[in-house]
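Number of protein chains: 2
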Amino acid sequence: MGRKPVDFPEWLSERVEHIESVLDQLLPPAPTAPRSLHEAMRYAVLGGGKRVRAALVYAAGEASLQSGSEALAQRIALDHAAAAVELIHAYSLVHDDLPCMDDDSLRRGRPTVHVQFNEATAMLAGDALQPLAFELLGLMPIAPALTVQATQLLARSAGSLGMVGGQAIDCDSVGQALTGEQLQQMHSMKTGALLEASVLLGGIVAGAGSATRAGLESYAAAIGLAFQVVDDILDVTSDTATLGKTAGKDAAGNKPTYVSIMGLDGSRDLLQALREQAHAALLPLGPSAAHLASIADYIVGRDR
Amino acid sequence: MGRKPVDFPEWLSERVEHIESVLDQLLPPAPTAPRSLHEAMRYAVLGGGKRVRAALVYAAGEASLQSGSEALAQRIALDHAAAAVELIHAYSLVHDDLPCMDDDSLRRGRPTVHVQFNEATAMLAGDALQPLAFELLGLMPIAPALTVQATQLLARSAGSLGMVGGQAIDCDSVGQALTGEQLQQMHSMKTGALLEASVLLGGIVAGAGSATRAGLESYAAAIGLAFQVVDDILDVTSDTATLGKTAGKDAAGNKPTYVSIMGLDGSRDLLQALREQAHAALLPLGPSAAHLASIADYIVGRDR
Chain Y
1 MGRKPVDFPE WLSERVEHIE SVLDQLLPPA PTAPRSLHEA MRYAVLGGGK
51 RVRAALVYAA GEASLQSGSE ALAQRIALDH AAAAVELIHA YSLVHDDLPC
101 MDDDSLRRGR PTVHVQFNEA TAMLAGDALQ PLAFELLGLM PIAPALTVQA
151 TQLLARSAGS LGMVGGQAID CDSVGQALTG EQLQQMHSMK TGALLEASVL
201 LGGIVAGAGS ATRAGLESYA AAIGLAFQVV DDILDVTSDT ATLGKTAGKD
251 AAGNKPTYVS IMGLDGSRDL LQALREQAHA ALLPLGPSAA HLASIADYIV
301 GRDR
Chain G
1 MGRKPVDFPE WLSERVEHIE SVLDQLLPPA PTAPRSLHEA MRYAVLGGGK
51 RVRAALVYAA GEASLQSGSE ALAQRIALDH AAAAVELIHA YSLVHDDLPC
101 MDDDSLRRGR PTVHVQFNEA TAMLAGDALQ PLAFELLGLM PIAPALTVQA
151 TQLLARSAGS LGMVGGQAID CDSVGQALTG EQLQQMHSMK TGALLEASVL
201 LGGIVAGAGS ATRAGLESYA AAIGLAFQVV DDILDVTSDT ATLGKTAGKD
251 AAGNKPTYVS IMGLDGSRDL LQALREQAHA ALLPLGPSAA HLASIADYIV
301 GRDR
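Residue numbers (full-length UniProt numbering), protein chains in the order written: chain Y, 1 to 304; chain G, 1 to 304.
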């Protein structure tokens, strides 16, 4: 740990500010032609957000570095990996909000991309954010073999057996009864896959060995699931102003959720068990995993 | 060249049959969950098509091989690269056909994906085909540094400064007058970028040196443009049954085309000039570039 230890909230807000700046620099400037497309891409990505995925990349990088301090090349590589997962996440939100999907008009307290621009521009902005993520991975100044591993991981987590596959199951399940097992499968693909990829990307980029990677994988599985359980709880316990997106939407849409299947108390019990699994997985990694541990607590405790 | 030379039509139909089989094997099987998503992905990709992009990858591979014969690893790598460009092309057609874009119901003589399935499934199928393309590149059994180059190239050609950017300009230009220069810029991004990437991917995968790459780049620029000029000519000279897609659509939609700007004769003159540029660029590559030369003639002479 070459860095002076800092409080987690301070570390997190510094990382959030940092990734905003990185994304701002790596996205094509707004005046670049085609202008409306690039404005929409920037609107979609730079509109705030919790930046949990970027924070996971950075924290997993810290936990995995062998030498104890980050060389400039590793800092750049972690920036690119963190930006890549945020771009994939941002594109998925743009497409999910479209009228043919969730038809949502509010996101992070602002009009969604297709409302602010138009449907065609929103779809194309999402389509263009995805290859930009892979381009950024390809520009990481690390061993090409590690870049190939990172590309594979991101591609799988974003594809039909990962994020998009989970989204498809979600669409198909509206109005249908899912078992707890089916629900878990859907969420582990839809939300969990990219969160887990974020953790593992940080490890790959920082040169994590196999023992560290195993710990990261167990941690990632737990927090990936926890994230969705919290989302489902917040959908029924919070309000639109706090969430910055439409509350009660899943319940109104008759979508199966953890709360609808195991109740509010059952969901909260599951959440605590997942938090403990995450902490246990980090024990072998030692004190350099402190920020990963704090992110697990942050995910479990978040209110929006 | 380790292969016995064969007639171009025979070579092309063998390659088309081969890439269909490769795509069939590399796409997730239809029964894989989520089933509707994978059925839509297979419907979008395996529905025929000219496979010009795959043929360019294979022909550029032939033209670039140093040793004169393809090792098994190179054959597999060329298959993955050819499949990747066909997946990107197929996803772009699925999204272009959606109601918020061109709103087309016919493609390759069959219902478009959103008509056959539904809009959400069509959008998600396109979203999932894109990372599958990058995953396939990452699985090429070649030097990781070459894989990274290939990934970079495909990502750039598919992104906001390539294919998707061209599509955005096309959307924004409906009903507007474009200059010949603006039209060329739009098409070089929308259609040319991926065709050019196909040629260069074949070269990269087969280990082309810088002189060969320069020849491939000049060839690729010429055929990329020629492809769109032919499309514009066919839009006004052919009929829907021959094209397998709606004829006269661009003219009816008041979209600027080469024909609307420089007339039918002017467009045909440009086409012949581009064909000559393509042949000239291949001269330094010698007889191994014969199939690339034939593809240039094929693109200029096609009637659908």
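Virtual Cβ for every residue (Gly too), placed ideally from N, Cα, C.
Helix, strand or coil: how does DSSP classify R213/G here?
R213/G falls in the helix class under three-state DSSP.
Determine the chain Y residues that contact D172/G at a beta-carbon separation under 8 Å, and present them in chain order.
P34, S36, listed in chain order.
Let me check understanding here. Comparing Cα to Cα, which of A120/Y, G207/Y, V164/Y, S173/Y lies closest to V174/G?
The shortest Cα separation from V174/G among A120/Y, G207/Y, V164/Y, S173/Y belongs to A120/Y.
With a threshold of 16 other CB atoms inside 10 Å of the CB of E181/G, please say whether the residue is buried or exposed.
Exposed is the call here.
Kindly indicate if chain G contains any beta-carbon less than 8 Å away from that of S188/Y.
For S188/Y, the answer is no, since every Cβ of chain G falls outside 8 Å of its Cβ.
At 3 residues or longer, and completely inside the region 81-155 of chain G: list those beta strand (DSSP E) runs for me, N to C.
Listed in chain order, nothing qualifies, since the region 81-155 of chain G has no complete beta strand (DSSP E) run of 3 or more residues.
Could you tell me whether any Cβ in chain G is nearer than 8 Å to the Cβ of F134/Y?
It does; some Cβ of chain G falls within 8 Å.
For chain G, check one thing: does any of its Cβ atoms lie closer than 8 Å to the Cβ of H95/Y?
By this cut-off, H95/Y is an interface position.
Between the Cα of M189/Y and those of G202/Y, Q167/Y, I204/Y, R275/Y, spot the shortest distance and give me the residue it belongs to.
Ranking G202/Y, Q167/Y, I204/Y, R275/Y by Cα distance to M189/Y puts Q167/Y first.
On the premise that V85/G lies in contact with L201/G, defined as a C-beta separation below 8 Å, what is that separation, rounded to the nearest angstrom?
With 8 Å as the limit, L201/G and V85/G qualify as a contact, their Cβ atoms being about 7 Å apart.
Within 8 Å, do at least three Cβ pairs link the region 269-284 of chain G to the region 217-232 of chain G?
Touching, yes.
Distance, Cα to Cα, M163/G vs A206/Y?
Rounded to the nearest angstrom, the two C-alpha atoms are 33 Å apart.
Please report how far the alpha carbon of F134/G lies from the alpha carbon of D265/Y, in whole angstroms.
Going by the C-alpha atoms only, they are around 42 Å apart.
Quick one: which chain G residues come within Cβ less than 7 Å of L124/Y?
Chain G residues near L124/Y: V164, Q167, A168.
Grab me the residues of F8/Y's own chain with a C-beta within less than 7 Å of its C-beta, minus the 5 sequence neighbours each way, in chain order.
Counting only Cβ-Cβ distances below 7 Å, and skipping sequence neighbours, we find H291, S294.
Under the three-state reduction of DSSP, which class applies to G47/Y: helix, strand or coil?
Three-state DSSP puts G47/Y in coil, outside helix and strand.
Would A82/Y count as contacting chain G if we go by Cβ distances under 8 Å?
No, no contact with chain G.
Under a CB-based cut-off of 8 Å, is P131/G close to chain Y?
So, interface residue.
CA-CA distance, R302/G and I233/G?
When rounded, the distance between both Cα atoms is 11 Å.
For the candidate residues A33/Y, V94/Y, A63/Y, Y298/Y, whose alpha-carbon lies nearest to that of A214/Y?
For the residues A33/Y, V94/Y, A63/Y, Y298/Y, the minimum Cα distance to A214/Y belongs to A63/Y.
Considering only residues of the same chain and omitting the five flanking positions on each side of D297/G, which have a CB-CB separation below 6 Å?
Taken in chain order, the list of residues that qualify is empty.
Secondary structure at S218/G, three-state DSSP: helix, strand or coil?
Looking at S218/G - three-state DSSP - the assignment turns out to be helix.
Give me the chain G residues within the contact set of R302/Y, using Cβ-Cβ distance strictly less than 7 Å, ordered along the chain.
Within 7 Å Cβ-Cβ: nothing; R302/Y doesn't reach chain G, min ~27 Å.
Would you say D103/G faces chain Y, with C-beta separation under 8 Å as the test?
False, the Cβ-Cβ gap to chain Y never drops below 8 Å.
With 16 other CB atoms within 10 Å as the buried threshold, where does G192/Y fall?
Result: buried.
In whole angstroms, what separates the C-alpha of residue 361/G from that of H38/Y?
Within the shown structure, residues of chain G are numbered from 1 to 304, placing residue 361/G beyond reach of any answer.
Would you say V16/G reaches chain Y, if we count a Cβ-Cβ gap shorter than 8 Å as a contact?
It does not; no Cβ of chain Y falls within 8 Å.
Compute the beta-carbon to beta-carbon distance between Y219/Y and A278/Y, rounded to the nearest angstrom, for a pair I have assumed lies under 8 Å.
About 5 Å; that satisfies the 8 Å criterion.
Pick helix, strand or coil for S160/Y, following the three-state DSSP scheme.
Coil, per DSSP.
For R51/Y and R107/Y, I'd like the C-alpha separation in whole angstroms.
Going from the Cα of R51/Y to the Cα of R107/Y covers about 14 Å.
Suppose contacts are defined by Cβ-Cβ distances below 8 Å. Is K98/Y in contact with A44/Y by that definition?
Here the sequence assigns Leu to residue 98/Y, which means Lys is not the residue at that position. Against a cut-off of 8 Å, the Cβ pair of A44/Y and L98/Y comes out as no contact.
Beta-carbon separation of S238/G and E196/G under 8 Å?
Going by C-beta atoms, S238/G is not nearer than 8 Å to E196/G.
In chain G, what lies closer than 8 Å to I28/Y by C-beta?
The sequence given here has Pro at residue 28/Y, not Ile. Those are S160, L161, listed as they occur along chain G.
Under the three-state reduction of DSSP, which class applies to Q66/G: helix, strand or coil?
Of the three classes helix, strand and coil, the one that applies to Q66/G here is coil, per DSSP.
Measuring straight from C-alpha to C-alpha, what distance separates A143/Y and Q74/Y?
Answer to the nearest angstrom: the Cα atoms are 11 Å apart.
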